[in-house]
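Structure, as structure tokens:
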Amino acid sequence: MRIDTPLTRLLGTDLPIVQAGMSWASSGSALPLAVSRAGGLGVIAAGPMRLPDLERAIDEVEAGTDRPYAVNLPLYRKGVDEVIDLLCERRVPILIASQGGPKRYLPRFKDLGTTCLHVVAGEEHAAKAVAAGVDGLVVVGAEAGGHPPAALVSTLVMVRSVVRSAPGVPIVASGGFADGAGLAAALSLGADGAQFGTRFLASVESNLHPAYKEAVLAAGVGDTRTVGHQLGMIRLLANEFADRMGELERTGAELDLRRAVFAASTLRMAAFEGDVVRGKVEAGQSAGLVKEILPAAEIVGELVAEYAATLGRLPRVDQGPS
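Here the UniProt record's numbering is used: the first residue of the sequence shown is 1, the next is one more, and so on.
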């Protein structure tokens with residue numbers, strides 16, 4: 001199976017399908033390895049990983065496939081400079097950086113020949129990343145789980161905006177995509193690929209507590225919330241924590257109180273310990289489109305089949321009589 005786009009040519013993948021780097025879910029080798037083997041781009045989420053665990057995951061992916069893979073690095077994480085040193089030492093083929101500026105890492109990785117994508121949520125940050133010399137962009141819209149843009153501009157508008165402002169730059173659209181129709185939509189917007197996060201949360205290889213996966217399956221499209229305004233906003237499934245934060249924000253509680261409540265709940269609580277009531281169950285609005293847990297390779301196969309079916313359903317332009 002091949003779908004040829006500027007993104008697949010840049011990355012060396014068969015398919016313009018990127019598995020999002022999701023803390024805990026892909027903080028290991030199983031999910032990235034399965035996606036890369038299936039022809040997409042598997043992404044190791046370095047965010048919560050200790051250096052020995054990250055290096056082990058890289059070893060396992062490289063031992064399991066000769067296909068491209070990436071490491072996602074949030075630049076705000078503790079010890080980021082040591083992580084950059086490790087990734088340079090290991091000469092990872094693709095880096096996807098987020099939550100910071102590209103000038104911090106770009107020169108070192110470009111000297112090594114690493115392909116560098118940068119996550120952005122608007123024209124201004126996209127322009128700065130392109131000017132700095134990144135190879136491509138991951139453009140995130142409001143529907144995304146984790147960290148959507150603060151202005152909550154939809155993926156539909158955000159991607160078109162960046163595509164128009166950065167012609168010729170390979171772009172991955174992210175936020176709200178869960179099936180092959182979403183992939184077709186991303187490409188129709190002018191993007192060169194789509195990133196799938198929430199869909200791969202509900203995969204066999206996803207390194208999440210079963211309770212987290214079941215919460216994703218049970219969610220509807222209207223069951224996510226955005227909380228943490230002024231604190232690093234996140235999109236997550238509605239639960240006791242989200243309700244508490246939402247109430248504090250609606251009533252104008254002091255920032256210090258909101259910060260304390262926000263910090264008391266963590267993604268680890270939900271992802272590792274299975275506390276989906278008080279933990280941060282980060283997921284996108286596309287959770288409402290996800291109905292079963294499947295092996296990652298089957299998910300990739302379904303995305304391609306649905307993409308082909310979607311193209312077959314689209315009406316052609318009738319040129320009329322000549």
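In this text, a Cβ means the ideal position worked out from N, Cα and C, and glycines have one as well.
Which of helix, strand or coil DSSP assigns to residue i
i, result
"His125", "helix"
"Glu214", "helix"
"Thr13", "coil"
"Ser203", "strand"
"Ser154", "coil"
"Val120", "strand"
"Phe177", "coil"
"Ala271", "helix"
"Tyr69", "strand"
"residue 374", "Nothing can be reported for residue 374: it is not among the residues displayed for the chain, which extend from 1 to 322."
"Gln19", "strand"
"Ala194", "strand"
"Pro32", "helix"
"Thr266", "coil"
Cβ separation of residue i and residue j, assumed to be a contact under 8 Å, to the nearest whole Å
i, j, result
"Ala25", "Val43", "Contact flag wrong, Cβ pair sits at about 10 Å."
"Ser203", "Ile293", "7 Å"
"Gly141", "Met158", "4 Å"
"Glu82", "Leu51", "6 Å"
"Gly40", "Val216", "Wrong, their Cβ atoms sit about 20 Å apart, outside the cutoff."
Cβ neighbour criterion (16 or more within 10 Å) applied to residue i
i, result
"Ala45", "buried"
"Lys78", "exposed"
"Leu106", "buried"
"Tyr307", "buried"
"Tyr76", "exposed"
"Lys213", "buried"
Same chain, Cβ closer than 7 Å to residue i, neighbours up to 5 away in sequence not counted
i, result
"Ser265", "Phe241, Arg278, Gly279, Lys280"
"Leu208", "Trp24, Ala25, Leu201, Ala271"
Neighbourhood of residue i by C-beta distance below 8 Å, restricted to the same chain and skipping five residues each side
i, result
"Arg37", "Gly64, Thr65, Arg67, Ala297"
"Pro295", "Ala34, Ser203, Val204, Glu205"
Neighbourhood of residue i by C-beta, 6 Å cutoff - its chain only, sequence neighbours within 5 removed
i, result
"Ser165", "Glu123"
Is the stretch 175-182 in contact with the stretch 281-288, if contact means three or more CB pairs nearer than 8 Å?
-> Here the stretch 175-182 makes contact with the stretch 281-288; the two share three or more CB pairs at distances below 8 Å.
Please confirm if the stretch 81-97 is in contact with the stretch 109-118, defined as three or more CB-CB distances below 8 Å between the two stretches.
-> yes
Below 8 Å, can you find three or more Cβ-Cβ pairs linking the stretch 226-236 to the stretch 256-263?
-> yes
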